[in-house]
Amino acid sequence: MEHLFLPDTSIEIHREIQTGNIRHVVFDFDGTISLIRDGWQNVMVPMMVECLQAETDTTESQEQLEAIVVEFVDKLTGKQTIYQMIQLSEEIEKRGGTPKDPLAYKDEYNRRLLPVVEERIAGLAAGTLSADPLRVPMSLEFLQSLCEMGISCYLASGTDVEFVKNEASLLGVAEYFDGGIFGALREYKKFSKAMIIQKIITDFNLIGSELLIVGDGYVEIENAKEVGAIAVGVASVEDNMYNMNADKRERLIRAGADIIISDFHEGTQLLNYLFNS
Ligand SMILES: [Mg+2]
10 MEHLFLPDTS
20 IEIHREIQTG
30 NIRHVVFDFD
40 GTISLIRDGW
50 QNVMVPMMVE
60 CLQAETDTTE
70 SQEQLEAIVV
80 EFVDKLTGKQ
90 TIYQMIQLSE
100 EIEKRGGTPK
110 DPLAYKDEYN
120 RRLLPVVEER
130 IAGLAAGTLS
140 ADPLRVPMSL
150 EFLQSLCEMG
160 ISCYLASGTD
170 VEFVKNEASL
180 LGVAEYFDGG
190 IFGALREYKK
200 FSKAMIIQKI
210 ITDFNLIGSE
220 LLIVGDGYVE
230 IENAKEVGAI
240 AVGVASVEDN
250 MYNMNADKRE
260 RLIRAGADII
270 ISDFHEGTQL
280 LNYLFNS
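The following block contains the structure:
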């Protein structure tokens, strides 16, 4: 696809946008600001393959099941985790098994992911791990600049809200989200990124170019475009053994990202462009 680079940067401009109006910014968390949960696929995929083997009479091989799981997990990334578990339940049912409540699978997944995340969190809390390598490069500085400019920032994540709040505070970024920190709820129909975005637009009576959405998932980029907001896609690198989301940049472009960055190392130039400064 044809695109321009912002002069002397690697920032890709895919569409001409109305700059200079932004007053509110909504950020995704995992993969956009936080790397604490990086590698989660390495936990979710084997768990689901195990469930399909243990809870159905399928004759599919481990590799076949893995390929199926990788495909739907990847497709549903960015929505709340529960949707991946709902799909797992459906796959179990399709193969003649009787699935548990999707929430039970989600609890089991969180239980397995916890040691990985907890090790990082414990290290952060104890000060043996530095927060810097667990943040997407220069994301803290980017948030600080927005804050100094008086722009309202919000966090909206598909991860459970209590985890998001804790992890944001350990990463030293929580204080910059004066608009609020939002995440998945057990009553999952009461939260979506689209709902948060809609509420901001309604509360402040915004036009599209006054709202910026920043995220590494196609979900938030699509949500942004649905309401005419400006969308910055963050094509950050992920660590997972399944090569999932390897085409992240292309996916973000397909979802309608106006701008693509790899991280925030050219945050100053990006802000100068977005705010005409
Ligand atoms: Mg993300």
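Residue numbers (this note's numbering): 10 to 286. Here a beta-carbon is modelled for each residue, glycine too, at the ideal position from N, C-alpha and C. Quick caveat: nothing in here was measured; it's all calculated off a predicted structure.
Whole-angstrom distance between residue j and residue i, CA atom to CA atom
i	j	result
Q71	V58	7 Å
E127	L138	12 Å
R247	T107	It should be pointed out that residue 247 corresponds to Glu in this sequence rather than to Arg. Roughly 34 Å between the two C-alpha positions.
I31	V78	39 Å
V35	Y163	5 Å
K88	T18	31 Å
Y92	R144	26 Å
A203	N175	23 Å
I230	F186	19 Å
Q207	S161	15 Å
L133	S178	10 Å
K109	D141	39 Å
I216	V223	17 Å
I130	W49	15 Å
N51	K257	17 Å
G188	G136	28 Å
L97	M53	11 Å
T41	E99	30 Å
8 Å Cβ cutoff met for residue i and residue j
i	j	result
V173	L152	no
L280	T28	no
V236	I205	no
T68	I101	no
M250	D83	no
R46	T168	yes
A233	F191	no
C60	Y114	yes
Coil, strand or helix - residue i by DSSP
i	result
G132	helix
F191	strand
D169	strand
I277	For the sequence presented, residue 277 should be read as Thr rather than Ile. Here T277 sits in helix by DSSP.
K88	strand
D110	coil
F14	strand
D116	helix
R144	strand
D39	strand
L180	coil
A240	strand
Y251	coil
L283	helix
L138	coil
G48	coil
G224	strand
Residue i Cβ short of 7 Å to ligand 2 heavy atom set
i	result
V125	Looking for ligand 2 in the displayed structure turns up nothing; the ligands present are ligand 1.
Close beta carbons around residue i, own chain, < 6 Å, minus the five adjacent residues each side
i	result
R26	In the sequence as displayed, the identity of residue 26 is Ile instead of Arg. Result list for I26: I239, D267, in chain order.
L221	I31, V34, I239
E275	T18, I20
G242	I230, L261, A266, I269
F38	L164, S166, V173
Close-in-space but distant-in-sequence residues of the same chain around residue i (CB under 8 Å, 5 per side omitted)
i	result
Q62	Q71, L74
S154	G276, T277, L280
E272	The sequence given here places Asp at residue 272; Glu does not occur at that position. Closer than 8 Å at Cβ, skipping near neighbours: V145, P146, M147, S148, V243, S245.
Nonlocal neighbours in the same chain, by C-beta distance under 7 Å from residue i, ignoring five residues either side
i	result
R260	Y227
L194	V170, F200
E117	M56
L13	I22
### Closer than 7 Å to ligand 1: residues, by C-beta to nearest heavy atom, in chain order
D37, F38, D39, G40, T41, G87, G224, D225, G226
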